[in-house]
Amino acid sequence: MLKKIGLEKLNEFVSALIEKGTLFAPVKGDAGVDFQEIKNAGDVTLDFYNTLQSPKCVFFPQTDDMVRYRLKKETTDIEEISLDFEPRIAFGIRPCDVKSFEIMDKLFTRGGIVDPYWESRRKNTTIMGYAFDAVDPADFYGAFGIHAADTTGSDVFMVKGEKNLLLKAITEKGEKLLSSVDTLEDALEEDRKYFEERLKKGAELETRTLSLEGVAGKLRDMFGSPYWEKVAAPCLNCGVCTFVCPTCHCFDIQDETLFGEGTRRKIWDSCMFTDFTLEASGHNPRTQKSQRLRQRVNHKFSYYVTNFEVTSCVGCGRCTRSCPVNIDILTVVEEAVESV
Amino acid sequence: MKDIENRLKQEAKRLLESGEAEVVLAYGRGYDEKHPMPYAAKAVSDVDNIVFDEYCTFNMTRYLTEYPLGTKIAIAVKSCDSRTLIVLMQEEKVKREDIVILGIPYRDMIDSKTGKAIDNSTACNLPNPVLYDILLGDEVTERDDGSPYDVLKELEEMELDVRWEFWSKEFSKCIRCYACRKACPMCYCDPCFIDQSQPRWADKSPSLESNLMFHLTRFYHLAGRCIDCGECSRACPVDIPLHLFHKKVSKECEEMFDQVSGMSLDDKQVMVDFKMEDSDEILL
Amino acid sequence: MSRIGVFVCHCGMNIAKTVRIDDVVEFAGELPGVVVAEGYKFMCSTPGQELIQEKIKECNLDGVIVAACSPLMHEKTFRKVAEGAGLNQYLLTIVNIREQCSWVIEDEDEATSKAKALINGAVYRTHLLAPLESRFIDVNPEAMVVGGGIAGIQAALELAATGKKVYLVEKSPTIGGHMAQFDKTFPTLDCSACILTPKMDAVLQNPNIDLMTSCEVTEVKGFVGNFDVTVKQKARYVDHDKCNGCLSCMEKCPGRGLSEFDEGLDKRKSIYIPFPQAVPQKPVIDRETCIYFKKGKCRVCEQVCEQDAIDFEQEDTYRDITVGAIIAATGYGLMDTTPLVQYGYGKYPGVYNALEVERLFNSTGPTEGKVVMKDGKEPESIAILHCIGSRDTNYHEYCSRVCCMYALKFAHLFKEKTSADVYQLYIDMRCFGKGYEEFYNRLLEENVKFVRGKAARVTDVTVSPDEEGKLIVEVEDTLSSQFMRLPVDMVVLSPAMEAQADAGEVARTFNIGVDKDNFFREKHPKLDPLSTTTDGVFLAGACQGPKDIPDTVAQAIGAAAEALTIVGKEQLELEAATVYVDPYVCCGCQNCVRVCTYSAPSFDVEKNVSEINEALCKGCGLCAASCPTGAIIARHFTNDQFIGEMEGLMEF
Amino acid sequence: MHNPYRPIPVEITKIVTEVDTNDIKTFRLSFVNKEDEKNFKYIPGQFAELSIFGKGESPIGIASSPTQPGYIEFTVQKAGVLTSALHDLEEGTQIGIRGPLGNSWPIDYLEGKNIVIVGGGFAFTTLRSLVNYMLYEDNRSRFGNITVVYGARTPGLLIYKNELAAWEERDDIDMYVTVDKGDETWAGREGFVPTVCKEVGPSSENAVTVICGPPIMIRFTLPVFFDLGFSKENIITSLEMKMKCGIGKCGRCNVGEKYICKDGPVFSLAELDKLTPEY
Amino acid sequence: MEFEPKILGIACNWCTYTGADLAGTTRVQYPHNVRVARVMCSSRVNPAFIFRAFQLGSDGVLIGGCEPGDCHYSTGNYYARRRLAITKKILEFAGLEPERFRVEWISASDGIKFAEVVKEFTEEIRALGPQTKFKVKKDIET
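Residue numbers (this note's numbering), protein chains in the order written: chain A, 1 to 340; chain B, 1 to 284; chain C, 1 to 652; chain D, 1 to 279; chain E, 1 to 142.
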């Protein structure tokens, strides 16, 4: 099913989507474009190359409340946050980000215990992928076989033309969504042609790349290498890279209380922070920034591969672009592998 | 600029060869031309990797405190960076005799993220380093483009509530990645107060209030120490203009205590010092 | 602490009249962790105290809150109560619902709700309290007095009288100080030497006093109870162990130097005792003027000394002494009036300063007690100028306190010894001491001319024949608004008493503070005038500020008593609520080291962390607030406890 | 949907202060809902997250044995925020528990073998679980000889004193309880755990040793067992690591490919050798 | 209901707290709105305490210390003066009414001044209305 809507009617369409469920879409802010829950259709933008932060917040918000509690003298009143989330729509997701959801699924929903917060939101969400037609020097999604107009994993895939936004239902879920919105028109043959062309063009766009062959093993082998100290030297040990990353998933659980009332919440954490592995005894197995940088790289390019047979990176380039000192994870991995 | 790069390499080579320095903190190549990186040359063979261009904005003094006291370090500094050195020396985090200061008399730096020039609205932008052993070029003599506090005018003139709107919007954006504090050469505390659990000064989850607690306290900790290099704002992924707040605090310190941070090795940090004749009016 | 008892005092009707006790008790009983809440008429009474103790035991309390009067009133009482019931005294919190509530708020609702908020704050805080243990250190029973003037002499004698060993350290070759230079003392006019010399002798004779002349303290380490003091014994070139004080060396010595004791008005030998009654009666060689030292030849003294006591090879030696307490009695310096060119000191031979005049009056002085000028003539007219460099914002803002009185004394002595006209040029007469006003009144009748006005200038430029050969003192008499020119033969300046020139350095050695005039700073100007911010270091005499002899002596006795409170004990209890450093959290910024008045924190460069010498810590918490990471934990006032308390205070 | 983050309500039914320094207590917990008890099936060596709202959670090894129905026990040392709060609680208070979590002592592997248990100080808790499990009458025959070497710095720091005494009475277990330094009340053995292990000298023949204790004790004990001929496969220990979620999601206890909370905490030395050295 | 300000007072043990006691013993009446926490010295006050107090919902924060020169610990209040001054500037630049934060030197003998300051400050805060800018918005409204 291929539908279309005139760009001038985008607001109308977005309004219709808001009716269908909680809508997450790109919004332009001071520092760039980012995903937000949309209240006003007019906030949504499709004029962006990449978002600052990844759309992982749709399923895994930075702060995820689990239980609210009120401490009483003898007892504690507890109110669990319901897992029955409203249907959600993730709008304008880059193909590489779509891929990240699948990667994260492996951790959160496989291997025994399921994380219900991720799983429930994931089940309830319709993903509307969005094609791109340019490449940033920091990007390297090509290394993972993803391209700028890859429809894999999307429920609906969108291509923006000069006048229209074209929408193709990829899955049943997508079809259901598109057919329920009556502001859409059926696409014409020329639209279909344009759509296909764009997919093709997307596939032809070249990013930086890297052969993943043997990377996991090599990284594992060079665990003790002095390379890590060298490559981590400029690292500031801030957490930007992990926070903007679509596949970083480390979190903390905190009880935040005020005046006897509080919330137990999952909060994003970062393996780049000193206190991440600090134990109550004062012992810290990772005191050096080289150890922490190594952990981040290895977790993505080695350990994850061992456990889930997929690299936990989609080459979106966010960490590289956001890094205050321009550390580029691709270069780090490349040079690591070369150094073996 | 190429001259500076060449002289930087030349001096780095000389210092490493002679053993006057064990490390040269300068700039190196990044993943593309517009994105150089901080670089620590430790051997003569590393010197070739050194670059200098208008994107080498990093305040390399940030890395000084990572080396054990007594390490002989040569460091490339631009104007504000040299002021950082002075503060670090005042605070005895580095010793003057351990540092060879390679001053860079150049200031047309460009923020590679925004493509905008770094000027007195984003940094202190003195033309020349305040303290150096070797100046890699001629002193910059031209241009005097006003006070680094000029940029505050608009904020200062805002109605209180409007200013609150401004800052509350800015601080709401913070994702607590701590790039600001980690990029800051003065924020060498490890752990930071915000990481403490007893007490937990602010919730770990970002919110306007917890972010406010973090940032305001950090502004206070930097009072009289911030040297206006602007690294915090450049590091911030969500573009909070933290440097403006720092500038304001510096301005107030200057007005109240008549001292500009990082200008003289003889100064004491204003917040760990006092004068009996400080006026009570500063409290009004 | 999770088993908290809250005890609410009625204080008769003092609290109960506006704070609804039952309400408050009920409220407290509902708070988390509170297992018992009770009201009682007088918590501080014996039955009240017993009630608390019973409940502590019965309910196994691990925290107690007493809501009653100000903690400044009864905190100690209730701490004892807690301790008596086996609960650590620091697990007690006092809530002040009397001075803070019932006595200042009329409205019952308001007073009651504030009482509740305060109690809630205390409950939050008490949850986070930790037991603290008092610690003790052994005390060295010996004491040191630095400075051998009247203050030091008196303090040393007092301490020695209690049986304590005292080291009396004096930098010059004799004790006696300025007082030994004086002729008479006001207002009673008794002879200074007559009252001082016996004391000096008593020092020498006292077996408990180790007299160390020509000595200086160079370093003080350690802390109250155990100061490690390094004293430099300056080379005297005379072995005092061998010298028997025959002074034949002095007779034969061809060298001459200016007598310090006579304020340079006379000469002394190069091997000398400063004055005839000096203690000890053993000479020293003044290296500067000694002919042997200057020219390499002479050694006459060596030849005449039968005791073989002369030792030209002698060097400075150092001695380490441990004492429990130190009294600083380093005295004052007289302001150099040369820079005040308008008064012509140093320019006109007829201008004298006060100490020089003291020597003129003295029978052992350069003129053997005759008031004659440098030209040998007796002055016919004398002007005594008050407030030279004191009460003068250009020099010293403070009043030098003693000048009015000695000026009166001088006037009296001039009148007694000469027939000169004597003028007093004063701003205000400050005669506040016992018998002082009476002395002033007596002088008013001795035909002394009082001119209320500060002398503007002393000059020898004459304008009329009667001024010829005289010094002219220009002054405006502010009572008559008349400008006067007083032709006199002699001008006596009353320069300000100043802090010793090396006071700043000495203060640093002893780690005590100085005020803006460089006098040593007392701990509290009213309530702790003899202590300093360094525990165990006390002040006596003019090193703390201008002072006359009676005040100095009184202070010296007081300082001795203060010192005795330390060296009189075997052990000292240290402040329990001190700070400590969590080394895992310390970032090595050294802010604590920089701010502490008491030098309690020090920095360990190796470990890159600060450490606290808890014996020096007073628990003010300044460093804790200066610590950016929160590594400094102020016991009993931790960040955690304070933030908790704030949360409780603000909850309702 | 099952929510693994949801704490199950339990009540503290008994608190025993184990040591004379008062900072180690054993908490006996009973499930508030019988249903939960049925679902809480654990094996010695597993742990659970104890939860107090407002204070957070803390992973603690289970000290009781599944052969002791009706309750579960945790021995907790006062250290952080949660454990301090727990120490302040009284019998009758309700708290939460999440688990059982992690792998366990490899019961199947241990079956039919001689077992040497070596414990030091407070780290004896999950070993106690294992001992009680093996001593349980239906289970005892599944295992060979059981030797226990347990030591603490002082007599006052030995935990489970009554139980130790009861085990001493039995003839189907060899007990060697030791202290580094005794006091006037102490009539037992003195000496460090590694020394005692050497003295006891258990045969490595068909034997597995299970070791838990402070790092220093482990460091000196391992060579003793190597000398006795124990292979790395037959030396088993339990790791501690900063854990948060307990279910292998939050990334904190990640060591190489493994999550200590999910793939551990129990590892043989042979398995540890394969881990990246980051624990 | 009329707005009743909730004000946090922090008083140093030696001067201001004693001064407040004196206000009590002489029965000077003043508003109930200031809730005083005692510290040993005004220099113990970490500016982060002030930020936190406003987060906790204080409508105003009043700090009392010894007169300069009278500090029991000799120099504590000189440090406090600088720190609290900069704290106030930070609050103001962030957009909080600087009037909500006040530092006063109140000696132990100045019960009257304590009462006057509390009175004046309470009225000022009352006029400013509730402080909502820094106050933590709670998840559950009770």
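Here a beta-carbon is modelled for each residue, glycine too, at the ideal position from N, C-alpha and C.
Item to check | Within 7 Å of chain B by C-beta, residues of the region 609 to 638 of chain C in sequence order | outcome: SER626, PRO628, THR629 and GLY630
Checklist entry - Exposed or buried, what is SER481/C when buried is set at 16 or more other beta-carbons lying within 10 Å of its beta-carbon? => result The residue labelled residue 481/C in the question sits at position 481 within the third sequence. Counting Cβ neighbours within 10 Å, SER481/C comes out exposed, since fewer than 16 surround it.
Item to check | Helix, strand or coil at ALA11/E [DSSP, three-state] | outcome: What you label residue 11/E is simply residue 11 of the fifth sequence in a count that begins at 1. Note: ALA11/E maps to strand in three-state DSSP.
Checklist entry - Who are the near neighbours of GLY191/D in its chain, counting only those whose CB is closer than 6 Å to its CB and skipping five residues on each side? => result For the purposes of this step, residue 191/D is taken as residue 191 along the fourth sequence, with counting starting at 1. Hits under 6 Å: THR178.
Checklist entry - Residues of chain E with a CB under 7 Å from the CB of MET258/A: which are they? => result Translated into positions along the first sequence, residue 258/A becomes position 258. It should be noted that the sequence gives Leu, not Met, for residue 258/A. Near LEU258/A (Cβ distances below 7 Å), the residues of chain E are VAL136 and LYS138.
Checklist entry - Can you tell which of ARG68/A, VAL67/A, LYS9/A and ILE78/A has its C-alpha closest to the C-alpha of THR45/A? => result Counting from one through the first sequence, the residue named residue 45/A turns up at place 45. When only C-alpha atoms are compared, the closest one is LYS9/A.
Checklist entry - Can you tell me the Cα-Cα spacing of GLU141/E and ILE113/A, whole angstroms? => result Along the fifth sequence, one-based indexing puts residue 141/E at 141. Along the first sequence, one-based indexing puts residue 113/A at 113. With a pLDDT of only 42 at GLU141/E, under the threshold of 50, the placement of this residue in the model should not be trusted; the figure read from the coordinates follows. Approximately 34 Å between the Cα atoms of the pair.
Checklist entry - Can you name, in chain order, every residue of its own chain whose Cβ lies under 7 Å from the Cβ of LEU150/E, other than the five neighbours on each side? => result In this structure chain E extends from 1 to 142, so residue 150/E is not present and cannot be described.
Checklist entry - Going by the beta-carbon positions, is the gap between THR167/C and MET212/C smaller than 8 Å? => result Numbered from 1 along the third sequence, position 167 holds the residue referred to as residue 167/C. Numbered from 1 along the third sequence, position 212 holds the residue referred to as residue 212/C. Thr is not the amino acid found at residue 167/C; the sequence shown has Tyr there. By the CB criterion at 8 Å, TYR167/C and MET212/C fall inside the cutoff.
Checklist entry - For GLY111/E, is the classification buried or exposed, using 16 other Cβ atoms within 10 angstroms of its Cβ as the cut-off for buried? => result If you number the fifth sequence from 1, residue 111/E lands on position 111. Classification of GLY111/E: buried, given that the 10 Å Cβ count is 16 or more.
Item to check | Minimum C-alpha distance to ILE110/B - residue among GLY28/B, LYS9/B and THR57/B | outcome: Here residue 110/B refers to the residue found at position 110 of the second sequence. For the residues GLY28/B, LYS9/B and THR57/B, the minimum Cα distance to ILE110/B belongs to THR57/B.
Next on the checklist: Are the CB atoms of GLY103/B and LEU287/B within a distance shorter than 8 Å?
Outcome noted: The question about residue 287/B has no answer here: the residues shown for chain B are numbered 1 through 284.
Checklist entry - What in chain C is Cβ-close to LEU71/A, meaning under 8 Å? => result Counting from 1 along the first sequence, the entry for residue 71/A is found at position 71. Within chain C, the residues near LEU71/A are PRO32.
Item to check | Counted within 10 angstroms of its Cβ, other Cβ atoms place VAL10/D as buried (16 or more) or exposed | outcome: Reading the fourth sequence from its first residue, position 10 is the one you call residue 10/D. By the 10 Å Cβ count, VAL10/D comes out buried.
Next on the checklist: Contact criterion: CB-CB distance below 8 Å. Does THR142/E meet it with respect to chain C?
Outcome noted: Counting from 1 along the fifth sequence, the entry for residue 142/E is found at position 142. With a pLDDT of 36 at THR142/E, under the threshold of 50, the predicted position of this residue should be treated as unreliable, though the coordinate-derived value follows. Not an interface residue.
Next on the checklist: Extract the residue ranges of the alpha helix (DSSP H) inside the region 110 to 185 of chain B, only unbroken runs of 4 or more that lie entirely within it.
Outcome noted: Given a length threshold of 4 residues, each whole run of the alpha helix (DSSP H) inside the region 110 to 185 of chain B is given here in chain order: 153 to 157, 160 to 173 and 179 to 183.
Checklist entry - How many Å lie between GLU54/B and PRO7/D at the Cα? => result Residue mapping note: residue 54/B aligns to position 54 of the second sequence, counting from 1. Residue mapping note: residue 7/D aligns to position 7 of the fourth sequence, counting from 1. Between GLU54/B and PRO7/D, the C-alpha separation is close to 56 Å.
Next on the checklist: Using a 10 Å radius around the Cβ and a threshold of 16 neighbouring Cβ atoms, would you call THR126/A buried or exposed?
Outcome noted: Residue mapping note: residue 126/A aligns to position 126 of the first sequence, counting from 1. Under this definition THR126/A is a buried residue.
Next on the checklist: Between which residues of its own chain and PHE538/C is the CB-CB distance below 8 Å, once the five residues before and five after are set aside?
Outcome noted: One-based indexing of the third sequence puts residue 538/C at position 538. Excluding sequence neighbours, PHE538/C sits near ALA325, ILE326, ILE327, ALA328, LEU530, SER531, THR532, ALA559, GLU562 and ALA563.
Next on the checklist: Strictly under 8 Å for the Cβ-Cβ distance: is CYS41/E near chain C by that measure?
Outcome noted: One-based indexing of the fifth sequence puts residue 41/E at position 41. Yes, CYS41/E lies at the interface with chain C (some Cβ there is under 8 Å from its Cβ).
Checklist entry - Which stretch, first to last residue, makes up the alpha helix (DSSP H) that contains ARG28/D? => result Position 28 of the fourth sequence, counted from the first residue, corresponds to residue 28/D. Note, ARG28/D: premise wrong, no alpha helix (DSSP H); beta strand (DSSP E) at 24 to 31.
Checklist entry - Secondary structure at ALA108/E, three-state DSSP: helix, strand or coil? => result Along the fifth sequence, read from residue 1 onward, the residue named residue 108/E stands at position 108. The answer is coil: DSSP assigns ALA108/E none of H, G, I, E or B.
Next on the checklist: Just verifying my parser: in three-state terms, what is the DSSP assignment at GLY260/A?
Outcome noted: Position 260 of the first sequence, counting from 1, holds the residue named residue 260/A. Three-state DSSP puts GLY260/A in coil, outside helix and strand.
Item to check | Any chain A beta carbon closer than 8 Å to GLU257/D | outcome: Here residue 257/D corresponds to residue number 257 of the fourth sequence, with the count starting at 1. It does: the Cβ of GLU257/D has a partner Cβ on chain A nearer than 8 Å.
Next on the checklist: Between the alpha carbons of THR16/E and ASN298/A, how many angstroms are there, rounded?
Outcome noted: Working through the fifth sequence from its first residue, we reach residue 16/E at position 16. Working through the first sequence from its first residue, we reach residue 298/A at position 298. Straight-line Cα distance between these residues: approximately 59 Å.
Checklist entry - Where do the ends of the alpha helix (DSSP H) carrying MET250/C lie? => result The sequence position of residue 250/C within the third sequence is 250, counting from 1. From DSSP, the alpha helix (DSSP H) with MET250/C extends over 248 to 252.
Next on the checklist: Check this for me: beta carbons of LEU130/D and GLY45/D, under 8 Å apart or not?
Outcome noted: Position 130 of the fourth sequence, counted from the start, is the residue given in the question as residue 130/D. Position 45 of the fourth sequence, counted from the start, is the residue given in the question as residue 45/D. Yes, Cβ-Cβ distance for LEU130/D and GLY45/D is below 8 Å.
Checklist entry - Are the region 160 to 180 of chain C and the region 375 to 395 of chain C touching by the rule of at least three beta carbon pairs closer than 8 Å? => result With the rule of 3 Cβ pairs closer than 8 Å, the region 160 to 180 of chain C does not count as touching the region 375 to 395 of chain C.
Item to check | Span of the beta strand (DSSP E), counted from its first residue to its last, around MET1/B | outcome: If you number the second sequence from 1, residue 1/B lands on position 1. Looking at the DSSP string, MET1/B is not in any beta strand (DSSP E), and its letter there is neither H nor E.
Next on the checklist: So the candidates are TYR440/C, ALA193/C and ASN244/C; which of them puts its Cα closest to the Cα of ALA407/C?
Outcome noted: Against the third sequence, residue 407/C aligns to sequence position 407. Looking at the Cα atoms, TYR440/C is the closest of the given residues.
Checklist entry - Name the residues in the region 222 to 242 of chain A whose C-beta lies less than 7 Å from a C-beta of chain B; which are they? => result ALA233, PRO234, LEU236, ASN237, CYS238, GLY239 and VAL240
Checklist entry - For the 8 Å Cβ check, are there 3 or more pairs between the region 144 to 164 of chain D and the region 118 to 136 of chain D? => result Judged by pairs of C-beta atoms under 8 Å, the region 144 to 164 of chain D touches the region 118 to 136 of chain D, as three or more such pairs exist.
Next on the checklist: Looking at chain D, is there any beta carbon in it that lies within less than 8 Å of the beta carbon of SER281/A?
Outcome noted: Along the first sequence, one-based indexing puts residue 281/A at 281. Yes, contact with chain D.
Next on the checklist: Quick check on this structure: which residue in VAL491/C, GLY545/C and LEU92/C has the alpha carbon closest to the alpha carbon of ALA503/C?
Outcome noted: Numbered from its first residue, the third sequence carries residue 503/C at position 503. Comparing Cα positions, the closest option is GLY545/C.
Item to check | Rounded C-alpha distance that separates PHE51/E from MET104/A | outcome: Position 51 of the fifth sequence holds residue 51/E. Position 104 of the first sequence holds residue 104/A. Computed Cα separation, rounded: 39 Å.
Checklist entry - Leaving out the 5 sequence neighbours to the left and right, which residues in its chain are closer than 8 Å to VAL402/C when beta-carbon positions are compared? => result Locating residue 402/C in the third sequence gives position 402, where the first residue counts as 1. Once the five neighbours on either side are set aside, the close Cβ partners of VAL402/C are MET497, PRO546, LYS547 and ASP548.
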